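Trainee:
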Amino acid sequence: MSPKKFQNAVLNWFDQYGRTNLPWQQSINPYRVWISEIMLQQTQVSTVIPYFERFMHSYPTVDALAAAPLDEVLHHWTGLGYYARARNLHKTAQLVSSELSGQFPDNVPQLIELPGIGRSTAGAISSIAFKNQATILDGNVKRVLARFSATDGWPGKSAVVEKLWLIAETYTPFKRIADYTQAMMDLGATLCTRSSPNCEQCPLMKDCKAFKQGNPQDYPGKKPKKKLPVRTTCFLMIKNSDGPCC
DNA sequence: GATGCGTGGAA
DNA sequence: TTTCCAAGCAT
65 MSPKKFQNAV
75 LNWFDQYGRT
85 NLPWQQSINP
95 YRVWISEIML
105 QQTQVSTVIP
115 YFERFMHSYP
125 TVDALAAAPL
135 DEVLHHWTGL
145 GYYARARNLH
155 KTAQLVSSEL
165 SGQFPDNVPQ
175 LIELPGIGRS
185 TAGAISSIAF
195 KNQATILDGN
205 VKRVLARFSA
215 TDGWPGKSAV
225 VEKLWLIAET
235 YTPFKRIADY
245 TQAMMDLGAT
255 LCTRSSPNCE
265 QCPLMKDCKA
275 FKQGNPQDYP
285 GKKPKKKLPV
295 RTTCFLMIKN
305 SDGPCC
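In our numbering, the protein residues as written are 65 to 310.
(1) Please report the distance separating the alpha-carbon of Phe78 from that of Gln197.
(2) Should the segment 108 to 123 be called in touch with the segment 197 to 215, which here means at least 3 C-beta pairs below 8 Å?
(3) Mapping the DSSP letters down to three states, classify Pro87 as helix, strand or coil.
(4) Count the other CB atoms, across all protein chains shown, that sit within 10 Å of the CB of Leu134; report buried if there are 16 or more and exposed otherwise.
(5) With a cut-off of 8 Å on the beta carbons, I'd call Ala150 and Trp141 a contact; round off their distance for me.
(6) Identify which residue in Asn171, Asn279 and Tyr283 has its Cα closest to the Cα of Lys195.
(7) How long is the line joining the alpha carbons of Lys287 and Ala128, rounded to whole angstroms?
(8) Report the rounded CA-to-CA distance for Gly166 versus Ala132, giving the unit in angstroms.
(9) Among the residues of its own chain, which have a CB less than 7 Å from the CB of Gln265, if the five just before and after it don't count?
(10) Identify which residue in Leu175, His139 and Ala193 has its Cα closest to the Cα of Gln89.
Below, the structure written as structure tokens:
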């Protein structure tokens, strides 16, 4: 499937079924996109929403966040987990506020330098907030692309995730980049879900390799379980039993 | 390249 | 009840 066809399929689907009412999609700016992306790391949308609302109420701008004491910021984070995110958030706010005149960088290389912002979050901020041609690869997109391309292996392995990055980049469009980024996440979140994906409604169904194989649930590959040491001898004897317990 | 980091929800 | 994660990143 050509990138052009892929993009059109995804964007046409987004125009009909994409999410547009999430709190961070209202009055989009780099600060709001950044906060939402950090909160959403390894954290579900329904959990994040009330935290995002309270956070924005208390800290409407990056300067307001930078001026707040760290313990107050951490208090706003209580219950969200991964508290290093909040510390990095505060550190980055102070950095942007005092050294970058309150302006976030608009490109991936500079965004990645900021504490708490990695490759995917940088791609999200650059594409959604600045409309730059940048690529994301979060859990949703990994799932969509692993299935579409039937890429084997657990994405925790660097070789696997690098394959997925390459695929993600080849399909990233130059136009409607913000919609496309959101669309890929929406596909993963609403149709191409971890269990029982709704393939019949998916705009990529006809070209999805995993669907054609009939095993979308096998992608992405799972983390290999660690083998427990084999017990060669059992010393425990159960009372009144004839042999060892195992 | 493997781990640790938090909490809540689904299988 | 237990296990496996869910819009990743830093070390």
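All residues carry an ideal CB built from backbone N, CA and C; glycine is no exception.
Quick caveat: nothing in here was measured; it's all calculated off a predicted structure.
Mentor: Taking the definition as stated:
(1) C-alpha separation (whole angstroms): 18 Å.
(2) no
(3) Three-state result, Pro87: helix.
(4) exposed
(5) Between Trp141 and Ala150 the Cβ distance is about 4 Å, and since that is below 8 Å, they are a contact.
(6) Asn171
(7) 41 Å
(8) 15 Å
(9) Leu255
(10) Ala193
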